Amino acid sequence: NGNQKLFEYLHANKEIIEKDLGYEVEWIEKGKISSSVQRIQKKFYINKPIELMVEEVYPYILDFIRVFERYL
């Protein structure tokens, strides 16, 4: 949160990042509560038991680590 330069750097590489991920993500430039909140996210709808949600979300967590680690 609040690291504008890092967010801008990542956003400048948006096309490469999303290509490496294999899907688009949301680029939130300003939070609803605080304007200093910036994040990159993949939305999931919580409509299953937690065990199934973990199974569904886990591969995306690994994708984020694999792709974003080279930028951080």
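Quick note, the sequence shown lines up with residues 25 to 96 if you use our numbering. Don't be surprised by glycine CBs; every beta carbon is placed ideally from N, CA and C. No experiment lies behind these values; they were computed from the predicted model shown.
Do you know offhand how far S60's Cα is from L34's? 16 Å
Could you have a look at Q28 and say whether DSSP puts it in helix, strand or coil? helix
Quick one: using the 10 Å Cβ neighbour count with 16 as the cut-off for buried, is Q62 buried or exposed? buried
I70, DSSP secondary structure in three states: coil
With burial defined as no fewer than 16 other Cβ atoms inside 10 Å of the residue's Cβ, what is the status of I89: buried or exposed? By the neighbour-count criterion, in which 16 or more other beta carbons inside 10 Å mark a residue as buried, I89 falls on the exposed side.
Between the CA atoms of K29 and E80 - distance to the nearest angstrom: 32 Å
Delimiting residues of the alpha helix (DSSP H) encompassing E48: Per DSSP, E48 belongs to no alpha helix (DSSP H) and is neither H nor E.
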